[in-house]
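Chemist: This is the structure, below, for whatever I ask next.
In my numbering, the protein residues as written are 8 to 157.
This is how it looks when you write it as structure tokens:
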């Protein structure tokens, strides 16, 4: 999700915020780098009508390796709370597809394996691309280009 890129003074913490913040995950990105997006993790109930954001990370581009670490960390924490993660849902951008491959999925059209093992239990966790988002992308492309050719 895009955010306004700026540093803001947090008077409670007595410091400026707005830089890249990946929590405890350490990668080669400086916290002095201005964040341009928020990567949000949300849990949605399958047996009930509820959803809850469980975490967010301020990013300025993220590698698939780092994103895979964050996904596995979220699944582990949810498992520790007694929740059973059945699927990960996201849009179809290249980083998300690369994350799926790192986690163990194969999104090749000829041999699709759209699940990976839960890092704690080993059970299948399905990797799904958000159909509504993909349809919106097709609609926008048709609106811009008027046709899609192979």
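From the three backbone atoms N, C-alpha and C, an ideal C-beta is built for every residue, glycine too.
1) Can you look up residue 121 in the DSSP assignment and give me helix, strand or coil?
2) For residue 53 versus residue 75, is the C-beta spacing smaller than 8 Å?
3) So which of 48, 47, 105 and 82 has the shortest CA-CA distance to residue 129?
4) In terms of residues, what are the limits of the beta strand (DSSP E) holding residue 55?
5) Any chance the stretch 56–65 sits against the stretch 98–106, with 3 or more Cβ pairs inside 8 Å?
6) Please confirm whether residue 125 and residue 132 have their CB atoms less than 8 Å apart.
7) Between residue 97 and the rest of its own chain, which residues show a CB-CB distance below 6 Å, the 5 nearest in sequence each way excluded?
8) Apart from the five residues on each side of it in sequence, which residues of its chain come closer than 8 Å, Cβ to Cβ, to residue 123?
9) Given a threshold of 16 other Cβ atoms within 10 Å of its Cβ, counted over all protein chains shown, does residue 73 qualify as buried or as exposed?
10) What do you get for residue 145, buried or exposed, if any count of 16 or more other CB atoms within 10 angstroms of its CB means buried?
11) For residue 92, collect the residues of the same chain with a Cβ closer than 6 Å to its Cβ; drop the 5 residues on either side in sequence, then sort them by chain order.
12) Leaving out the 5 sequence neighbours to the left and right, which residues in its chain are closer than 6 Å to residue 28 when beta-carbon positions are compared?
13) For residue 41, count neighbouring Cβ atoms within 10 angstroms of its own Cβ and tell me buried if that reaches 16, exposed if not.
Modeler: Judging by the given coordinates:
1) Counting from 1 along the chain shown, the entry for residue 121 is found at position 114. Three-state DSSP puts residue 121 in coil, outside helix and strand.
2) Position 46 of the chain shown, counted from the first residue, corresponds to residue 53. Position 68 of the chain shown, counted from the first residue, corresponds to residue 75. For residue 53 and residue 75, no; Cβs fall outside 8 Å.
3) Here residue 129 refers to the residue found at position 122 when the chain shown is read from its first residue. Of 48, 47, 105 and 82, the residue nearest in Cα terms is 82.
4) Translated into positions along the chain shown, residue 55 becomes position 48. No beta strand (DSSP E) contains residue 55, which DSSP labels as neither H nor E.
5) no
6) Position 118 of the chain shown holds residue 125. Position 125 of the chain shown holds residue 132. Yes, the pair counts as a contact, with Cβ atoms nearer than the cut-off.
7) Residue 97 sits at position 90 when you count from the first residue of the chain shown. So the list reads 103, once near-sequence residues are dropped.
8) Residue 123 sits at position 116 when you count from the first residue of the chain shown. These residues qualify, in order along the chain: 107, 110, 111, 112, 131, 132 and 134.
9) For the purposes of this step, residue 73 is taken as the residue at position 66 of the chain shown. It is buried - the Cβ of residue 73 has at least 16 other Cβ atoms within 10 Å.
10) If you number the chain shown from 1, residue 145 lands on position 138. Exposed is the call here.
11) Here residue 92 corresponds to residue number 85 of the chain shown, with the count starting at 1. Same-chain partners within the cutoff: 82, 85 and 132.
12) Against the chain shown, residue 28 aligns to sequence position 21. 65.
13) In the chain shown, the residue the question calls residue 41 occupies position 34. So residue 41 ends up on the exposed side.
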